[in-house]
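*Asks:* Take a look at this one; I'll ask things after.
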Amino acid sequence: MDKKKRRTTPIIVISVICSVYLFKFLLTNSSHKTTQTHSKTAIQAPKQETEKVKSPQLKRPKKIKHEASQDLPSLSSLKLKTFIESCPKLRELLNREDKIVDYEPFARNYHYQRNGEIYRIRVFTEDGENGGFSKIVYYKEDSDGFPIIEKTKEIRVQRNKNLNQTINEEIDKTIGGSQIIYNAQDIHYTMTSGQEMSVSFENNKIKKIIAKDISCLL
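Residue numbers (my numbering): 70 to 287.
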């Protein structure tokens, strides 16, 4: 009996030890999985909160292209309504809301009075070797009302100024403070549609329009 006890005792001890280690292994593995589950939940939690708090992205409105012609005068701003209505052919050709994209004065004439004397200024365009330029002719009327040339002046494009601006400054400097008796202008206009026309003004009123082969007088 003693020999049998001695033989079974080590086996029991070994079994107990194995059971203890197996229990520890199972306990450790279970806690490790629990920890991983908690850690994943902890990591994912901010994402869920972020998704809840995250506001929807607002679509930006499309940029509206700003056309330069929107800031330019239309034909209706030239007080063409009455004129166009009186000329059916012109009414069919021109759109009163068309925009002006460019203009070029062909000729200008001013009559003005200063200190009891009558003077005239005539502006017109000429072609030269280095391109076109404008010429201003200054007149003074004699006792019979006949214009006598006093001087002429060529106006060319200056830096940072276009030709029309330079001419306007020269005319304002000459006529400034005087009484304007008469003024007439012939101006060539180009519209956004590509249509072109020439308009004659007298004392700031339209007198004639020529577009293509159509000519209308008021």
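We put the CB at the ideal spot given by N, CA and C, even for glycine. If you're wondering where the values come from, they're calculated on a predicted model, not measured in any experiment.
Spatial neighbours of residue 211 within its chain, please: C-beta separation below 8 Å, excluding the five flanking residues on both sides.
*Replies:* The residues are 217.
*Asks:* Ordered along the chain, which non-local residues of its own chain (more than five positions away) have a Cβ less than 6 Å from that of residue 183?
*Replies:* Taken in chain order, the residues that qualify are 247.
*Asks:* In three-state terms, what does DSSP make of residue 286?
*Replies:* DSSP places residue 286 in strand when its eight states are reduced to three.
*Asks:* Could you tell me which residues DSSP puts in a beta bridge with residue 223?
*Replies:* Residue 223 is bridged to 204.
*Asks:* Mapping DSSP to helix, strand and coil, what is residue 273?
*Replies:* If DSSP states are grouped into helix, strand and coil, residue 273 belongs with coil.
*Asks:* If you drop the 5 nearest sequence neighbours on each side, which residues of the same chain put their C-beta closer than 7 Å to that of residue 202?
*Replies:* Around residue 202: 195, 223, 224 and 225.
*Asks:* I'd like the list of long-range same chain contacts for residue 279, defined as Cβ closer than 7 Å, with 5 residues on each side in sequence excluded.
*Replies:* Excluding sequence neighbours, residue 279 sits near 266 and 267.
*Asks:* Tell me, please, which residues DSSP counts as bridged to residue 190.
*Replies:* Partner(s): 179 and 207.
*Asks:* How far does the alpha helix (DSSP H) with residue 184 in it reach, from first residue to last?
*Replies:* Counting along the chain, residue 184 falls outside any alpha helix (DSSP H), and DSSP gives it neither H nor E.
*Asks:* Smallest Cα separation from residue 281: which of 264, 190, 220 and 275?
*Replies:* Answer by Cα proximity: 264.
*Asks:* Might you give, ordered along the chain, the residues of its own chain that have their beta carbon closer than 6 Å to the beta carbon of residue 276, omitting 5 neighbours on each side?
*Replies:* Taken in chain order, the residues that qualify are 269 and 287.
*Asks:* How is the beta strand (DSSP E) around residue 259 delimited, first residue to last?
*Replies:* Residues 248-260.
*Asks:* Which residues share a DSSP beta bridge with residue 212?
*Replies:* Answer is none; residue 212 lacks a bridge partner.
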